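This report refers to the structure that appears directly beneath it.
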Amino acid sequence: MDTWTLIEQPCRFNRRRGTDALFTLGNGYLGCRGFFEEEQEDVEALGGIYVAGVFGRGALKAWKGMHRELVNTPNFFWVSLRVNGEALLCRPKRMAGYRRVLDMRRGVLDRRFTWTGSDGARVRVRFERFLSVDDLHLAGQRIEIEALDRDVEIELLVGIDARVTQLNRVTTSPRPIQPGRRHLRTLRAGPDEIETVVDTLPKGVRLAEAQRAVLETPAGPLRGADAATTDLAARRFCFRLAAAKTARLTRLAAFYTSRDGADPMARARRTLRRAGDYEGLRAAHERRWAETWRACDIELEGPDDDQRALRFNLFQLLQACPEHDSRVSLGARGLSGEMHEGSVFWDNEIFKLPFFTFTRPAATASMLRFRHRTLPEARRHARDLWFDGAMYAWKSGDDGVEETEMGVGAYYAIHIVADIAYALRQYWEATADDEFLFRYGVEILIETARFWKSRSHYDPLRRTWNILAVRGPNEYDVIVNNNLFTNMMAGENLRYAEEAVALMRRRSPAAWKRLAARLGFRETEPAAWRALAEGLVLCYDRGRDLFVEDDMYLHRVPFDMKRGKPDARRVIDGTLPYEAMALYQITKQSDVVTLMNLLPWKFTPRQMRRAYAFYEPRTAHDSSLSYSPHAVMAARLGMRAEAYRYFRDCAYLDLADIQLNTISGLHFANLGGAWQAAVMGFAGLWQGDGRLHLGPHLPAAWKAMRFRLCYRGGTLRVELRGGKTRVLLESPGPAPLRLCVAGRDVRLSKAGQEVTTPA
Ligand code: IFM
């Protein structure tokens with residue numbers, strides 16, 4: 002069975018658009034949902050192409066005016082097809098042999114079907130498309146039309162369609178597609194070029210798109226005639242196709258925006274002129290994918306469905322990653338849909354970055370640079386709210402401004418500040434990249450530590466430091482005091498800041514002097530950070546050896562999960578209103594469990610087991626961020642069957658539409674969670690005490706698992722088979738790598754060196 006392809010067959014006409022997100026293609030610069038190319042009626046023609054960093058003004062009131070939303074940009078895959086004068090529309094009675102195939106190995110989408118007109122004439126149609134990962138500004142499309150049993154008259158329009166609007170009026174909740182706001186104004190349209198501007202933001206972005214389309218018919222090539230209209234660049238090809246003959250259209254499209262530099266249209270033209278032919282472009286694209294998969298794939302000896310699902314998660318994560326541009330990061334739905342408006346949340350650092358850190362560290366570096374670039378806005382945000390240092394927005398577009406709607410809790414959801422510090426530390430430990438740490442990281446760590454210092458309050462009665470009025474990962478607890486996750490992560494943030502300052506002072510004294518002067522660093526700060534880190538309240542029930550989510554959790558009323566969550570809908574959508582959650586012991590998405598996965602060295606196995614047993618039945622999994630941490634912890638605790646069940650909930654979350662909102666985009670944090678479930682759960686990966694830890698916890702359904710890891714400049718090849726773990730050093734780093742494999746200390750320094758445990 003082919004585990005590299007996602008196949009839809011037959012067409013589910015009634016929920017056609019619901020699966021478009023699954024068939025998304027992307028290259029980090031562009032993302033393109035799997036919509037049908039040929040124009041349909043009404044909302045079917047809306048496309049769904051997004052460019053990282055291209056935002057327009059949305060409809061919700063955020064902290065600094067209206068929020069931003071990722072713009073649905075002109076559709077350069079648009080075609081209109083008529084056969085014997087009749088529009089080729091996708092209708093159940095007209096189509097046979099439908100098949101849509103996402104080839105994840107090659108990054109190519111293919112769709113084919115046979116269509117019968119009202120006059121009985123049949124044509125076989127095949128569409129192929131890709132967004133080049135070799136040249137991020139190019140896309141390729143091929144359309145083949147075969148007349149099956151008689152001659153037909155074909156009219157084919159090939160264009161770039163700027164009539165598109167947002168797919169939805171409201172993007173915060175999933176809905177069937179319904180046309181929404183229009184952000185684009187067309188400046189100029191010709192047969193092969195269109196220039197538009199997103200003019201719903203003061204400094205509107207200009208978009209320039211150009212196409213080169215050639216039609217080969219049995220009678221020879223056709224160039225087509227100008228068919229441009231106000232908001233559509235298009236060429237029209239009219240021809241007669243004899244029975245049993247095939248015509249083939251090949252189009253290359255180039256896309257630039259004013260974010261890429263001056264005169265984007267000149268750039269688009271130049272790129273098209275220099276682009277070779279379709280085959281050459283696709284071959285280069287496929288070579289890039291082969292290299293990427295070599296580094297990032299996880300191979301299983303187990304059920305084919307699991308292998309395919311795992312690859313699907315990795316594929317989508319990889320192809321949305323904006324590694325080329327540190328002015329943007331990876332949104333909650335990537336470039337696959339409009340829910341959450343293209344914004345970046347805490348889950349980027351905690352769920353997605355670990356995958357990149359250990360497979361493509363440059364991608365993590367770029368996304369952390371995004372946090373560094375948005376530091377001025379985070380400082381301003383902190384100042385506006387009477388705090389020191391930097392308070393990162395809960396929800397960021399491209400400029401770091403808080404995009405959360407007013408009044409829905411961004412003021413409380415401050416753990417994101419420490420999550421960014423955690424990801425930074427994880428990156429530094431995994432890469433030993435001092436240069437990055439000193440150039441960008443230390444500044445973030447100092448400013449975030451200062452934030453925690455000003456956001457914590459001393460309680461003279463208990464002689465402790467509290468962090469009051471917060472919202473942890475469990476968003477059903479809207480405002481709590483001393484959320485364990487927040488306090489412990491803040492404590493780590495403070496420690497990382499202290500350690501990073503000491504390191505930089507030692508290793509790069511001149512740069513440190515400059516930074517310290519620029520930030521107005523005071524010598525008393527590190528000691529104050531340490532005292533705070535040591536004094537922060539950590540909610541803990543000594544009698545039960547149980548770490549507690551927050552000050553009040555144990556005092557709340559037990560929640561009847563059967564009654565409250567009888568089906569897949571979230572509790573707050575099905576049975577009780579949001580306001581009721583404060584009364585109950587209910588966890589929306591894993592909170593303490595996630596924390597224990599992040600900082601495993603801080604807890605004993607017994608404490609982890611107790612926490613898992615306590616919180617798991619109280620967790621509604623009403624967020625996509627919940628399954629993977631449960632899979633990781635269950636695996637590490639040796640509960641393999643349970644871990645596997647959670648792994649499947651996670652890996653199939655979008656494929657099976659478990660959260661009922663995949664139509665509005667894929668759940669990117671969960672995609673990263675699938676990698677975590679496999680690598681941090683079943684392969685037991687974690688980082689601490691200067692070593693990389695691995696240990697086998699394979700589920701019974703998997704015989705073996707293989708993957709590569711980047712670690713401190715070296716590449717490791719890991720294979721788990723049954724109870725054995727084999728680690729091979731494929732290419733060494735600058736220093737010997739220290740590992741702890743299934744409890745055994747190992748040092749690997751030469752290429753080809755390997756260790757197997759138990760031996
Ligand atoms: O970051 C998450 C949040 O924890 C739950 N709601 C969705 C956000 C974006 O994924």
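In the working numbering, the protein residues as written are 2 to 760. Ideal Cβ positions, reconstructed from N, Cα and C, are used throughout, including at glycine. Every value quoted in this text rests on a predicted model; they were computed, and no experiment measured them.
Same chain, Cβ closer than 6 Å to R112, neighbours up to 5 away in sequence not counted | For this step, residue 112 is matched to residue 111 along the sequence shown. Around R112: R101 and F128.
With which residues is P559 paired in a DSSP beta bridge?
-> For this step, residue 559 is matched to residue 558 along the sequence shown. According to DSSP, which records beta bridges pairwise, P559 is partnered with Q586.
When you compare only the Cα positions, how much space is there between D135 and L253?
-> The residue given as residue 135 occupies position 134 in the sequence shown. The residue given as residue 253 occupies position 252 in the sequence shown. About 14 Å.
If you draw a straight line from the alpha carbon of N483 to that of G408, how long is it in whole angstroms?
-> As a first step, residue 483 must be located in the sequence shown, where it is residue number 482. As a first step, residue 408 must be located in the sequence shown, where it is residue number 407. In a straight line, the C-alpha of N483 is about 21 Å away from that of G408.
Can you grab the Cα-Cα spacing for the pair T293 / C741, in whole Å?
-> Position 292 of the sequence shown holds residue 293. Position 740 of the sequence shown holds residue 741. Between the alpha carbons of T293 and C741 lies a distance of about 27 Å.
Compute the distance between the beta-carbons of V72 and G160, then report whether it is under 9 Å.
-> Counted from its first residue, the sequence shown places residue 72 at position 71. Counted from its first residue, the sequence shown places residue 160 at position 159. No, the Cβ-Cβ distance between V72 and G160 is not below 9 Å.
Extent of the continuous alpha helix (DSSP H) run through V594 | Along the sequence shown, read from residue 1 onward, the residue named residue 594 stands at position 593. V594 -> alpha helix (DSSP H) spans V593 to L599.
At a cut-off of 8 Å, is A670 close to the ligand IFM when judged by its beta-carbon and the heavy atoms of the ligand?
-> Here the question's residue 670 lines up with position 669 in the sequence shown. At a cut-off of 8 Å, the beta-carbon of A670 counts as near the ligand IFM: some heavy atom of the ligand is closer than that.
Mind checking K514: buried by the 16 CB within 10 Å criterion, or exposed?
-> Locating residue 514 in the sequence shown gives position 513, where the first residue counts as 1. Exposed, by the Cβ-count rule.
Stretch-stretch touch, CB-based, cutoff 8 Å, three pairs: the segment 224–244 with the segment 258–273 = At 8 Å Cβ cutoff, the stretches do not touch.
In terms of DSSP beta bridges, what is E403 paired with?
-> On the sequence shown, residue 403 is found 402 positions in, with the first residue counted as 1. Paired residue(s): S397.
For Y579, does the three-state DSSP call read helix, strand or coil?
-> Residue 579 sits at position 578 when you count from the first residue of the sequence shown. Here Y579 sits in helix by DSSP.
Spatial distance of F371 from L446 (CA atoms) | To locate residue 371, count along the sequence shown from 1; it is residue 370. To locate residue 446, count along the sequence shown from 1; it is residue 445. Rounded to the nearest angstrom, the two C-alpha atoms are 14 Å apart.
A414 - DSSP class collapsed to helix/strand/coil | Numbered from 1 along the sequence shown, position 413 holds the residue referred to as residue 414. In the three-state reduction of the DSSP assignment, A414 falls in the coil class.
Those runs of the alpha helix (DSSP H) which lie wholly inside the segment 618–691 and span at least 4 residues = Every unbroken stretch of the alpha helix (DSSP H) spanning 4 or more residues and falling wholly within the segment 618–691 is given here in chain order: 628–637, 641–652 and 669–676.
Measuring alpha carbon to alpha carbon, tell me which of L47, G753 and T247 ends up nearest F37.
-> Here the question's residue 37 lines up with position 36 in the sequence shown. Nearest of L47, G753 and T247 to F37, Cα basis: L47.
V1 lies in the beta strand (DSSP E); which residues open and close that run?
-> The question about residue 1 has no answer, for the chain in this structure spans 2 to 760.
Under 8 Å Cβ to Cβ from T595, same chain only, skipping five residues before and after it: list those, please.
-> On the sequence shown, residue 595 is found 594 positions in, with the first residue counted as 1. Setting aside the 5 residues that flank it on each side, T595 is surrounded in the same chain by I351, P474, F486, L626 and P630, each with a C-beta closer than 8 Å to its C-beta; the list follows chain order.
At a cut of 8 Å, does the segment 671–687 reach the segment 566–583 through at least three beta carbon pairs?
-> No: the two stretches stay apart, fewer than three of their Cβ pairs being nearer than 8 Å.
If we count Cβ pairs, one from each stretch, closer than 8 Å, do we get three or more for the segment 399–406 versus the segment 57–77?
-> Yes, they touch.
Around the Cβ of R456, are there at least 16 other Cβ atoms within 10 angstroms (buried) or fewer (exposed)?
-> Here the question's residue 456 lines up with position 455 in the sequence shown. Buried, because 16 or more other Cβ atoms sit within 10 Å of the Cβ of R456.
Anyone know if the C-beta pair for A752 and E731 falls short of 9 Å?
-> Position 751 of the sequence shown, counted from the first residue, corresponds to residue 752. Position 730 of the sequence shown, counted from the first residue, corresponds to residue 731. A contact, by the Cβ cut-off of 9 Å.
Say yes only if the C-beta of A219 is nearer than 8 Å to one or more non-hydrogen atoms of the ligand IFM, and no if none qualify.
-> What you label residue 219 is simply residue 218 of the sequence shown in a count that begins at 1. According to the sequence provided, residue 219 is Pro. The question's Ala does not apply to it. No heavy atom of the ligand IFM is found nearer than 8 Å to the CB of P219.
Closer than 8 Å: is that where the CB of E70 sits relative to any heavy atom of the ligand IFM?
-> Reading the sequence shown from its first residue, position 69 is the one you call residue 70. Result no, Cβ not under 8 Å from the ligand IFM.
Give a single yes or no on whether P630 has its beta carbon closer than 8 Å to a heavy atom of the ligand IFM.
-> Here residue 630 is taken as the residue at index 629 of the sequence shown, counted from 1. The closest heavy atom of the ligand IFM lies 8 Å or more from the beta carbon of P630.
Sequence-distant residues of its chain with Cβ nearer than 7 Å to P733 (five each side left out) | To locate residue 733, count along the sequence shown from 1; it is residue 732. Shown here for P733: same chain residues with a beta carbon closer than 7 Å to its own, the five before and five after excluded, namely G715, S750, K751 and A752 in chain order.
State whether the segment 313–323 contacts the segment 641–650, with contact taken as three or more CB pairs (one from each stretch) at a distance under 8 Å.
-> Taking a cut-off of 8 Å on C-beta distances, the segment 313–323 does not touch the segment 641–650, as fewer than three cross pairs fall below it.
Measuring alpha carbon to alpha carbon, tell me which of A424, W387 and L376 ends up nearest V402.
-> For the purposes of this step, residue 402 is taken as residue 401 along the sequence shown, with counting starting at 1. The shortest C-alpha separation from V402 is found at L376.
With respect to the alpha helix (DSSP H) encompassing N494, which residues constitute its N-terminal and C-terminal limits?
-> Taking the first residue of the sequence shown as 1, we reach residue 494 at position 493. L485 to R508 is the extent of the alpha helix (DSSP H) around N494.
Inspect the beta-carbon positions of F131 and R283 and report whether they are closer than 9 Å.
-> Walking along the sequence shown from the start, residue 131 turns up at place 130. Walking along the sequence shown from the start, residue 283 turns up at place 282. Their beta carbons are under 9 Å apart, which means F131 touches R283 by this criterion.
Measure the CB-CB distance between N530 and I421 and report whether it falls below 9 Å.
-> Within the sequence shown, numbered from 1, the residue matching residue 530 stands at position 529. Within the sequence shown, numbered from 1, the residue matching residue 421 stands at position 420. In the sequence as displayed, the identity of residue 530 is Trp instead of Asn. The Cβ atoms of W530 and I421 do not sit closer than 9 Å to each other.
Go ahead and label V747 buried or exposed: buried means 16 or more other beta carbons lie within 10 angstroms of its beta carbon, across all protein chains shown.
-> By one-based count along the sequence shown, residue 747 stands at place 746. Taking all protein chains shown into account, V747 has 16 or more neighbouring C-beta atoms within 10 Å of its C-beta and is therefore buried.
For my contact list, L273 and A211 are in at a C-beta cut-off of 8 Å; report their separation, rounded to the angstrom.
-> Within the sequence shown, residue 273 is the residue found at index 272, counting from 1. Within the sequence shown, residue 211 is the residue found at index 210, counting from 1. Indeed they touch by this definition, with Cβ atoms about 5 Å apart.
Would the beta-carbon of Y423 fall within 9 Å of that of E493?
-> Looking up residue 423 in the sequence shown gives position 422. Looking up residue 493 in the sequence shown gives position 492. Yes.
Cβ-based burial, W290 [other Cβ within 10 Å; buried from 16] = Translated into positions along the sequence shown, residue 290 becomes position 289. The C-beta of W290 has 16 or more other C-beta atoms within 10 Å across all chains shown, which makes the residue buried.
Return the residue from the list R637, L158, R186 and E217 that minimises the CA-CA distance to A226.
-> Here residue 226 refers to the residue found at position 225 of the sequence shown. Checked all of R637, L158, R186 and E217; the closest Cα to A226 is L158.
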